[in-house]
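Here is the structure we will look at.
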Amino acid sequence: MNWYLLIWVKVNTSNLVILPNMYPFGQIPVLEDDDLTLFESRAITSYVSYKYKDQGTDLLRIGNVKETALVGVWIEVESQQYNPAILPIVYQLVIVPMYGQSPDLAIVEAHVEKFNKVLDVYEARLGHSKYLAGDFFSLADLNHFPFTYYLMKTQYASLINSRPHVKAWWEAVSSRPAFKKVAENMTLA
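Counted the way UniProt numbering counts, the sequence shown spans residues 1 to 189.
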């Protein structure tokens, strides 16, 4: 039996302390698994996906080298293209107001233009497959979850919804039972 402790953290509290031995940059998330401590979201999700590949969905497609490579490509695309475009939008519209400040809409608009270009690539890709790496759900899709979830709670959800293939992909991703379970605790306040 696997035991784990999930600790929900309110990020807008001033008493949040992350010990340097857990994460040298003082941020979350952190995963402790026996004597291994990992930080950085993508490193954690890759580790957990590999460790538990035989339980549930094989998110890395370990048995097929070409599919594994495509998962890797789209993990990189999320990290290097998607995330840098969406993060400032979500930060300004969701995080900044949590601290009682007003969002900088100039930053939002500058990144909306960049995000539109990224989403155009996604629309083309998803016209050929249900999910990013192929017709299977993978870690590449999962890694899009947090920021896309929050974006969809803003007036900029239309960036996703205006693209039929991207919208269908997001609906497939966000309708998964595990997604819904995690999303229940992802409050905006």
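The beta-carbon is built from N, C-alpha and C at its ideal position, and this holds for glycine as well.
Supposed close pair residue i, residue j - CB separation, criterion 8 Å
| i | j | result |
| --- | --- | --- |
| E67 | A133 | 6 Å |
| A172 | K130 | 6 Å |
| Y150 | V108 | Not a contact, Cβ separation roughly 13 Å. |
| L59 | L142 | 6 Å |
| T187 | W170 | T187 to W170, Cβ: 20 Å. No contact. |
| K53 | I62 | 5 Å |
| E123 | R176 | The Cβ separation is near 21 Å, so there is no contact. |
Contact test: residue i Cβ vs the ligand MN heavy atom, cutoff 7 Å
| i | result |
| --- | --- |
| S138 | Summarising the ligand content, the structure contains no ligands, and the ligand MN is consequently not present. |
Contact under 8 Å by Cβ, residue i with residue j
| i | j | result |
| --- | --- | --- |
| V71 | S138 | yes |
| L119 | V166 | yes |
| A140 | W74 | yes |
| K114 | A69 | no |
| Y47 | L38 | yes |
| residue 201 | V112 | Not covered by the structure: residue 201. The range shown for the chain is 1 to 189. |
| H144 | Y82 | yes |
DSSP beta-bridge partners of residue i
| i | result |
| --- | --- |
| T148 | None; T148 has no bridge partner. |
| F39 | V30 |
Could you pull out every unbroken beta strand (DSSP E) segment of at least 3 residues lying fully inside the region 110-168, listed in chain order? none
Report the residue ranges of all alpha helix (DSSP H) runs contained in full by the region 46-118; include only those spanning at least 4 residues, in chain order. 65-77 and 83-90
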